[in-house]
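Here is the structure we will look at, set down as structure tokens.
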Amino acid sequence: MRRNRRKQTTSLEERLADHARLTRKRAMELPPGEQREALLRKSVRAETAVRISNWLVSPKSRQSS
């Protein structure tokens, strides 16, 4: 099995934010129901991942208390 070794052209945060935005857009196009709720949860998880990643790479998170 070979690994897909591509050079990423956008940052992880940008890719996660795009994923969250597209997932939320797709969810809003669906009628209320389980599938819509699942997509909204997926979008929220991606948005949370962006916030955590930004927090981890921020200079304030590297300062010791």
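The numbering used here numbers the first residue of the sequence shown as 34 and each following residue consecutively. Cβ atoms here follow ideal geometry from the backbone N, Cα and C, with glycine treated the same way.
Within the same chain, and ignoring the five residues on either side of Ala-50 in sequence, the residues whose Cβ sits closer than 6 Å to its Cβ are Val-83. The segment 61 to 74 makes no contact with the segment 40 to 47; the number of CB pairs closer than 8 Å stays below 3. For Lys-75, the enclosing alpha helix (DSSP H) begins and ends at 67 to 90. Annotation for Thr-42: no alpha helix (DSSP H) segment contains it, and DSSP assigns it neither H nor E.
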